[in-house]
Amino acid sequence: MKTFEDGNIEIEYSEENEPCILELMNQVLIAYDTVTSLFNLEDYDKKIKIILYNNIEELHQDVFGERREDWGVACGDENGHLKLLTPLNPGKVHKYNDILKIAQKCVGDIIIEDSFKDIPDWLDITAYLFELMNSKITRHVPDIQNIQSFSDAYFVTRFLTKTFGLEKIVEIYENPKAYNKILGLTDEEIENQMIEFYK
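Counting in our numbering, the sequence shown runs from 6 upward without gaps.
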């Protein structure tokens, strides 16, 4: 295994992944800088280690002990490392660029999880920032207290960001239990405004 380090990111990879390492490093450094800057986390200095896997079977065997669905291409481990499928062999569900965006989201999530507690399930700023969703908007408006997927959280976060701005989202991360007060809305009012937003 080889190692490539830049700032607070370290990528462990095999030689066949050499062609994608610089681009992957650049993308995760963008995520690191974006999230630490947005949330003014100047003191955040944790080194994030990414372990790159050559194929999905190898990743799933190491992480789960068995084969899982093909969409599962990234997972944190008990040491806080990110285990990631190589963009060069993204599997049947994803493409090269999808893996780069997933890596950005995961690095952002690691920083946020280290820095903030009790974040509501419906708030997912990293999916929004790194444009992870390319799904079409459906008539389904998620119930914010019963989020079923990260795509539901993406649509809630997109609505809140477009309506209230990133500053309010940062305030919610800093004080998640006061989100109704920060937005000046009840859960029902949030959902009603979301319905209007996505009409």
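Quick reminder that beta carbons are idealized off the backbone N, C-alpha and C, glycines included.
Here Asp67 has Tyr58, Lys88 as same chain residues with Cβ atoms under 8 Å from its own Cβ, once five neighbours each way along the sequence are excluded. Looking at the DSSP output, Ala36 bridges to nothing.
The secondary-structure analysis by DSSP pairs Gly81 across a beta bridge with Leu87.
Straight-line measurement puts the Cα of Gly12 at about 14 Å from the Cα of Thr39. Within the same chain, and ignoring the five residues on either side of Val98 in sequence, the residues whose Cβ sits closer than 6 Å to its Cβ are Asp75, Trp76.
Between the alpha carbons of Asp148 and Ser156 lies a distance of about 13 Å. Lys54 is positioned such that its CB atom lies closer than 7 Å to that of Glu15. For Leu171, the closest alpha carbon among the candidates Asp192, Ser42, Tyr37, Ile200 is that of Ser42. Taking all protein chains in view, the Cβ of Ile61 is crowded by 16 or more other Cβ atoms within 10 Å, so the residue is classified as buried.
For the 7 Å CB-CB criterion, Thr131 and Lys106 do not form a contact.
Scanning its chain for C-beta atoms nearer than 8 Å, with the 5 sequence neighbours on each side dropped, one finds around Thr168 the residues Gln198, Phe202, in chain order. Short of 8 Å from the beta carbon of Leu46, and not among the five residues preceding or following it, lie these beta carbons of its own chain, in chain order: Val40, Ile116, Ser120. Check the Cα spacing between Asp192 and each of Glu118, Glu23, Pro125, Ile26: the tightest is with Pro125. For the pair Glu21 and Met6, the CB atoms are not nearer than the 7 Å cut-off.
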